[in-house]
Amino acid sequence: MGYKNEDEIKRALGIESWRHLSKEKMIRFVAMMPDMSTEVALKIIEQFPAFKDFAKDVVGVMEKAYESTLSANKQSQENFHRACQEVREILRVELSKDNLSMEDKKFIIEQIQETLRMEFQKDSENKQFLSVNLKRVLAGAGAALALGVAFVGGKVMAESKDSPDDSLEA
1175 MGYKNEDEIK RALGIESWRH LSKEKMIRFV AMMPDMSTEV ALKIIEQFPA FKDFAKDVVG
1235 VMEKAYESTL SANKQSQENF HRACQEVREI LRVELSKDNL SMEDKKFIIE QIQETLRMEF
1295 QKDSENKQFL SVNLKRVLAG AGAALALGVA FVGGKVMAES KDSPDDSLEA
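In the working numbering, each number is its position in the sequence shown, counted from 1, plus 1174.
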């Protein structure tokens, strides 16, 4: 579906005027841009001198969310590893007791090995988690930058249509 004019776009966004364009609706507007003619999109964007700042804000919000996620993840990882170390220390103390049967010693050694397996698994999961989240942030930042480039490129193209092409004059 192609949007032919500003009014159709405002209706699709559920706003009466461009002053009511919140950040959430700005994101929807950006998603709708491929369905707009370049002229209509540029006409709307030119009404927003802060469009470039909006793209920067989106990247900033994404960075803060990523940093917050990393911080919470790091704390969770540290708590998990500390708990495993404490369990192993308790098991070492138990293992050092003289009155243990071979079966008891075997059980304690297996429990120590299990905490090591759990930590290895948790570390692998954490690396995958970090990789997925980094890819999301990079994709989002790339999209915001692409919007900025598309906006600037579209504006330059629009301005060049308005001025005579000097290269054709001899």
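Every residue, glycine too, gets a C-beta built ideally from N, C-alpha and C.
TODO: State the CB to CB distance for the pair Q1251 and N1307, rounded to an integer number of angstroms; the pair is presumed to be in contact (CB under 8 Å).
DONE: As a working mapping, residue 1251 is identified with position 77 in the sequence shown. As a working mapping, residue 1307 is identified with position 133 in the sequence shown. Going by Cβ atoms, the distance from Q1251 to N1307 rounds to 14 Å, so no, they are not a contact pair.
Task: Element boundaries [alpha helix (DSSP H), containing I1189] - done: By 1-based counting over the sequence shown, the position of residue 1189 is 15. Neither: I1189 is in no alpha helix (DSSP H) and is coded neither H nor E.
Open item on the list: Under 8 Å, with one C-beta from each stretch per pair, do the stretch 1237-1248 and the stretch 1206-1213 reach the 3-pair mark?
Closed with: no
Open item on the list: Between the alpha carbons of I1219 and F1303, how many angstroms are there, rounded?
Closed with: On the sequence shown, residue 1219 is found 45 positions in, with the first residue counted as 1. On the sequence shown, residue 1303 is found 129 positions in, with the first residue counted as 1. In a straight line, the C-alpha of I1219 is about 36 Å away from that of F1303.
Open item on the list: On a Cα-Cα basis, can you pick out the residue from Q1285, K1309, K1238 and Y1177 that is closest to Q1259?
Closed with: Stepping through the sequence shown from its first residue, residue 1259 is reached at position 85. The residue with the shortest Cα to Cα distance from Q1259 is Q1285.
Task: Pairwise C-alpha distance: R1310 and E1237 - done: Locating residue 1237 in the sequence shown gives position 63, where the first residue counts as 1. Locating residue 1310 in the sequence shown gives position 136, where the first residue counts as 1. Distance between the alpha carbons of E1237 and R1310 is about 11 Å.
Task: Segment limits, alpha helix (DSSP H) that includes K1271 - done: Start at 1 with the first residue of the sequence shown, and residue 1271 comes out as number 97. No alpha helix (DSSP H) contains K1271, which DSSP labels as neither H nor E.
Open item on the list: Going by beta-carbon coordinates alone, are L1195 and F1203 separated by less than 8 Å?
Closed with: Here residue 1195 refers to the residue found at position 21 of the sequence shown. Here residue 1203 refers to the residue found at position 29 of the sequence shown. Contact flag set, yes.
- [ ] For I1282, count neighbouring C-beta atoms within 10 Å of its own C-beta (all shown protein chains included) and say buried if the count is 16 or more, exposed if not.
- [x] Position 108 of the sequence shown holds residue 1282. Counting the other Cβ atoms within 10 Å of the Cβ of I1282 gives 16 or more, which makes it buried.
Task: Straight-line gap, R1266 to K1279 (C-alpha atoms, nearest Å) - done: To locate residue 1266, count along the sequence shown from 1; it is residue 92. To locate residue 1279, count along the sequence shown from 1; it is residue 105. Roughly 10 Å between the two C-alpha positions.
Task: C-alpha gap between R1187 and T1289, whole angstroms - done: Walking along the sequence shown from the start, residue 1187 turns up at place 13. Walking along the sequence shown from the start, residue 1289 turns up at place 115. The residue asked about is misnamed: residue 1187 is Leu in this sequence, not Arg. Distance between the alpha carbons of L1187 and T1289 is about 53 Å.
- [ ] Could you tell me the distance, in whole angstroms, from the CA atom of G1205 to the CA atom of G1176?
- [x] Looking up residue 1205 in the sequence shown gives position 31. Looking up residue 1176 in the sequence shown gives position 2. The question names Gly, yet the displayed sequence has Ala at residue 1205. About 13 Å.
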